[in-house]
Each structure stands twice: as structure tokens, then as C-alpha cells.
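Visitor:
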Amino acid sequence: MSETMSDDDKYKTGCSEFDKGAKGLSEALKENIEVLQKHRETNERRIKALGEFQKRVDDWRNKFKGKTEETRDGIILDTADGGQDQAAKRSYPKIAANSLVTTD
879 MSETMSDDDK
889 YKTGCSEFDK
899 GAKGLSEALK
909 ENIEVLQKHR
919 ETNERRIKAL
929 GEFQKRVDDW
939 RNKFKGKTEE
949 TRDGIILDTA
959 DGGQDQAAKR
969 SYPKIAANSL
979 VTTD
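When we follow my numbering, the leftmost residue of the sequence shown carries the number 879, and every step to the right adds one.
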């Protein structure tokens, strides 16, 4: 017997996977910065650029948490700016379970 996931569960799973990916990216950037710092003499600009990029990823990840809602047609709305109201007014087409995008 196969269980089907509700749209809310699919959304939460997608958000969780996104957060894991963003966290992995942030950790990889930190590791790259550490490696470059060991060879500091020629890599000052790279270290600064990676640090700024990592900060932007972390800031965006923190902003994303709890402030967005994805409509069934794939549009992500900022709930802090009335996105929930916009989402409630949308008409949603049916989506097939196999239409979810997965990454390996």
C-alpha cells in the first residue's frame, strides 16, 4: 500500500531539502575560505568575495525560513508582504505527483 503525501507535506519536505542544500553550500564556502586563508598571499580578493557570498547565502536562507509560501503552480510568495492573501485568491490547477523536481 503506497502512501501519498499531502501538498503541505510535499512543501515542507521541499523546504527542508532546500535548507539542507543551502546549509551545505554555506559550509562548503566556509571550508573554501579556510583553505584560501592558508595560502593567503595570493588569495585576499577570493577570500573576501567568498566571505561576502557566504554571508548573502546565510542571510537569504534565514530570510526564507518561515516567510514564504509556495503556490501550487510553483510561485513563491513572501507571506510577510501579504503573500498569503495573494495565495488564497489564486486558482490552483491540479498537479501530478510525478511533477515534483528532484535532484540527485
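Don't be surprised by glycine CBs; every beta carbon is placed ideally from N, CA and C. Owing to the predicted nature of the structure, the values given are computational and were not obtained by experimental measurement.
1) Assuming residue 931 and residue 907 form a contact by the criterion Cβ under 8 Å, report the distance between their Cβ atoms to the nearest whole angstrom.
2) Within a Cβ cutoff of 8 Å, which residues of the same chain sit near residue 896, ignoring the five residues on either side of it in sequence?
3) Do you know offhand how far residue 926's Cα is from residue 934's?
4) Between which residues of its own chain and residue 924 is the CB-CB distance below 7 Å, once the five residues before and five after are set aside?
5) Is residue 929 closer than 9 Å to residue 911 when the C-beta atoms are compared?
6) Can you give me the C-alpha to C-alpha distance between residue 904 and residue 888, rounded to a whole angstrom?
7) Is DSSP giving residue 884 helix, strand or coil here?
8) Quick check for students: name the residue ranges of the beta strand (DSSP E) that lie wholly in the segment 892 to 935, counting only runs of 3 or more.
Guide: According to the data block:
1) 6 Å
2) 942
3) 12 Å
4) 914
5) yes
6) 24 Å
7) coil
8) none
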